[in-house]
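K.L.:
For the sequence shown, position 149 (counting from the first letter as 1) is numbered 155 according to the working numbering, and the numbering increases by one without interruption.
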Amino acid sequence: MDQKKFYTIFKALKISLLAVFVFIVSSGSLSAAADPASEGDHGSFNPGALIDHHIRDSHSWEIMHGVTVPLPIIVYSGEKGLDIFLSNNFFNDHHEPVPYNGYVMDHEHITLEGGGHVLDFSITKNVLFLFINSIILILLFMAVASSYKKDPLKAPKGLQSFFEPIIIFVRDDVVKPNIGPKYERYLPYMLTLFFFIWFGNMLGLLPGAANLTGNIAVTMVLAVFSWIITVSTGNRAYWSHIFDPLGSSMGWGGKFFLYLILWPIEIIGIFTKPFSLMIRLFANITAGHVIILSILSLTFIAESFAVGILSAVFATVMNMLELFVAILQAYVFTLLSSMYFGEAVQEAEHH
Numbered sequence: 007m008d009q010k011k012f013y014t015i016f017k018a019l020k021i022s023l024l025a026v027f028v029f030i031v032s033s034g035s036l037s038a039a040a041d042p043a044s045e046g047d048h049g050s051f052n053p054g055a056l057i058d059h060h061i062r063d064s065h066s067w068e069i070m071h072g073v074t075v076p077l078p079i080i081v082y083s084g085e086k087g088l089d090i091f092l093s094n095n096f097f098n099d100h101h102e103p104v105p106y107n108g109y110v111m112d113h114e115h116i117t118l119e120g121g122g123h124v125l126d127f128s129i130t131k132n133v134l135f136l137f138i139n140s141i142i143l144i145l146l147f148m149a150v151a152s153s154y155k156k157d158p159l160k161a162p163k164g165l166q167s168f169f170e171p172i173i174i175f176v177r178d179d180v181v182k183p184n185i186g187p188k189y190e191r192y193l194p195y196m197l198t199l200f201f202f203i204w205f206g207n208m209l210g211l212l213p214g215a216a217n218l219t220g221n222i223a224v225t226m227v228l229a230v231f232s233w234i235i236t237v238s239t240g241n242r243a244y245w246s247h248i249f250d251p252l253g254s255s256m257g258w259g260g261k262f263f264l265y266l267i268l269w270p271i272e273i274i275g276i277f278t279k280p281f282s283l284m285i286r287l288f289a290n291i292t293a294g295h296v297i298i299l300s301i302l303s304l305t306f307i308a309e310s311f312a313v314g315i316l317s318a319v320f321a322t323v324m325n326m327l328e329l330f331v332a333i334l335q336a337y338v339f340t341l342l343s344s345m346y347f348g349e350a351v352q353e354a355e356h357h
């Protein structure tokens with residue numbers, strides 16, 4: 007089975023499992039709504055709340071149930087200026103939300119008690135894992151670089167032997183064929199992009215970790231970086247094709263009405279490419295987290311030992327598949343970015 011067919015089957019499996027989960031939860035919700043005695047039962051398991059709690063960003067890091075690490079709150083307002091404190095100040099000893107120093111936090115949104123606007127620069131869980139991901143990358147590749155500096159001709163071993171084939175693959179099979187002769191100026195960014203996404207995807211699969219690359223703000227920034235590089239390095243042929251897509255193939259009289267159609271398409275296309283990068287990574291990573299948590303939630307929904315065993319098995323299999331998706335999505339993002347850069351620097355064909 008080739009890679010493309012496997013990925014198609016895997017996507018179909020994810021969609022099917024998600025559909026089954028939605029059906030089960032919807033059926034349960036309809037039954038509860040039809041039974042007046044079930045109203046007000048706040049002790050029942052809520053899978054939607056569990057999944058939302060895992061996927062969304064937070065001002066604290068819950069490693070496991072009952073073990074939470076408070077993170078720094080950094081806020082600024084015109085009335086109070088700059089304030090820095092820990093997030094656990096927003097909760098009392100019974101873990102009930104309380105105001106602190108004139109601020110309130112409602113569903114991770116911080117405002118003044120009177121409702122005033124606050125600029126939030128806090129170190130959230132996603133920001134923390136952004137730093138962790140970056141530190142891991144820096145330490146690993148500093149170690150790999152030091153190995154090359156000591157003896158460039160020595161056969162690679164350890165970390166160097168693991169990462170060297172991956173680096174060569176990204177260079178020779180992803181970046182170079184799609185960008186062309188000018189690939190070297192883009193290679194540092196492409197390698198950084200690939201490993202940042204790959205490691206971020208894998209970190210998100212660890213218990214208690216943040217959904218870093220499943221956060222649309224993170225994928226948006228990565229897509230914007232690729233977009234800025236594309237439009238800022240685009241050559242004359244690139245921009246000529248956008249504003250004069252028909253070239254000199256026909257006279258202006260015949261082209262005018264075609265340009266009324268083609269110009270909006272070409273200009274919109276400049277922005278849809280980074281948008282597709284952003285959504286693709288966000289949707290695939292988030293869907294993986296949702297499905298794994300949904301499968302595990304079936305144990306508590308069904309309240310069955312047998313379902314619990316099956317859920318654990320399926321969740322483990324899905325987690326293994328998500329390890330493949332982690333590197334696949336890093337590859338896809340890097341590949342598409344390389345193609346966009348290649349379009350921007352490709353020289354015009356002369357006939």
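Quick reminder that beta carbons are idealized off the backbone N, C-alpha and C, glycines included.
#1: Between the alpha carbons of TRP204 and THR117, how many angstroms are there, rounded?
#2: When you compare each of SER303, LEU342, PHE347, ALA312 to ASP58 by their alpha carbons, which one comes out closest?
#3: Out of TYR337, SER64, LEU193, which one is the CA nearest neighbour of LEU218?
#4: Can you tell me where the alpha helix (DSSP H) with THR117 in it begins and where it stops?
#5: Are the beta-carbon atoms of GLY220 and PHE288 separated by less than 8 Å?
#6: Taking just the CA atoms, how far does GLN335 sit from ILE291?
#7: Taking C-alpha atoms, which residue in ILE234, ILE271, ILE235, VAL230 lies nearest to HIS247?
#8: Would a C-beta distance cut-off of 8 Å place LEU359 and SER344 closer than the cut-off?
#9: Assuming HIS295 and GLY210 make a contact with CB atoms under 8 Å, what is their CB distance in whole Å?
#10: Do ASN94 and SER66 come within 8 Å of each other at the CB atom, strictly closer than that value?
#11: Do TYR346 and LYS279 have their C-beta atoms within less than 8 Å of each other?
#12: Per DSSP, which residues does GLY87 bridge with? Please list them.
#13: Just how far apart, CA to CA, sit LEU92 and PHE202?
#14: Which residue marks the beginning of the beta strand (DSSP E) containing TYR109, and which one marks its end?
#15: Judging by CA-CA distance, which residue of THR340, LEU125, SER128, PHE169 is the nearest neighbour of ARG286?
#16: Using the beta-carbon count (16 or more within 10 Å), is GLY84 buried or exposed?
#17: Can you give me the C-alpha to C-alpha distance between ALA350 and ILE234, rounded to a whole angstrom?
#18: What are the boundary residues of the beta strand (DSSP E) that SER66 is part of?
P.N.:
Straight from the coordinates:
#1: Taking the sequence shown and counting its residues from 1, the one referred to as residue 204 is at position 198. Taking the sequence shown and counting its residues from 1, the one referred to as residue 117 is at position 111. Rounded to whole angstroms, TRP204 to THR117 spans 35 Å at the Cα level.
#2: Within the sequence shown, residue 58 is the residue found at index 52, counting from 1. Considering only alpha carbons, the answer is SER303.
#3: Counting from one through the sequence shown, the residue named residue 218 turns up at place 212. The candidate whose alpha carbon is nearest that of LEU218 is SER64.
#4: As a working mapping, residue 117 is identified with position 111 in the sequence shown. Judged by DSSP secondary structure, THR117 falls outside any alpha helix (DSSP H) and instead within the beta strand (DSSP E) spanning 115-118.
#5: The sequence position of residue 220 within the sequence shown is 214, counting from 1. The sequence position of residue 288 within the sequence shown is 282, counting from 1. Taking 8 Å as the Cβ cut-off, GLY220 and PHE288 qualify as a contacting pair.
#6: In the sequence shown, residue 291 corresponds to position 285, counting from 1. In the sequence shown, residue 335 corresponds to position 329, counting from 1. Each residue's CA atom was taken as its position, placing ILE291 and GLN335 some 8 Å apart.
#7: To locate residue 247, count along the sequence shown from 1; it is residue 241. The shortest C-alpha separation from HIS247 is found at ILE271.
#8: Given a span of 7 to 357 for the chain in the structure shown, any question on residue 359 remains unanswerable.
#9: Within the sequence shown, numbered from 1, the residue matching residue 295 stands at position 289. Within the sequence shown, numbered from 1, the residue matching residue 210 stands at position 204. About 7 Å separates the two Cβ atoms, so the contact holds.
#10: Counted from its first residue, the sequence shown places residue 66 at position 60. Counted from its first residue, the sequence shown places residue 94 at position 88. Closer than 8 Å, so yes.
#11: Numbered from 1 along the sequence shown, position 340 holds the residue referred to as residue 346. Numbered from 1 along the sequence shown, position 273 holds the residue referred to as residue 279. Result yes, Cβ atoms of TYR346 and LYS279 sit closer than 8 Å.
#12: As a position in the sequence shown, residue 87 is number 81, starting the count at 1. In the DSSP output, where bridge partners are listed per residue, GLY87 has SER83.
#13: In the sequence shown, residue 92 corresponds to position 86, counting from 1. In the sequence shown, residue 202 corresponds to position 196, counting from 1. The alpha-carbon of LEU92 is positioned some 28 Å away from that of PHE202.
#14: The residue labelled residue 109 in the question sits at position 103 within the sequence shown. It spans 109-112 - the beta strand (DSSP E) in which TYR109 sits, taken as one unbroken run.
#15: Locating residue 286 in the sequence shown gives position 280, where the first residue counts as 1. A check of alpha carbon separations from ARG286 across THR340, LEU125, SER128, PHE169 identifies THR340 as the nearest.
#16: Taking the first residue of the sequence shown as 1, we reach residue 84 at position 78. Counting Cβ neighbours within 10 Å, GLY84 comes out exposed, since fewer than 16 surround it.
#17: Within the sequence shown, numbered from 1, the residue matching residue 350 stands at position 344. Within the sequence shown, numbered from 1, the residue matching residue 234 stands at position 228. CA-to-CA, the gap between ALA350 and ILE234 works out to about 11 Å.
#18: In the sequence shown, the residue the question calls residue 66 occupies position 60. Segment 66-70, the beta strand (DSSP E) holding SER66.
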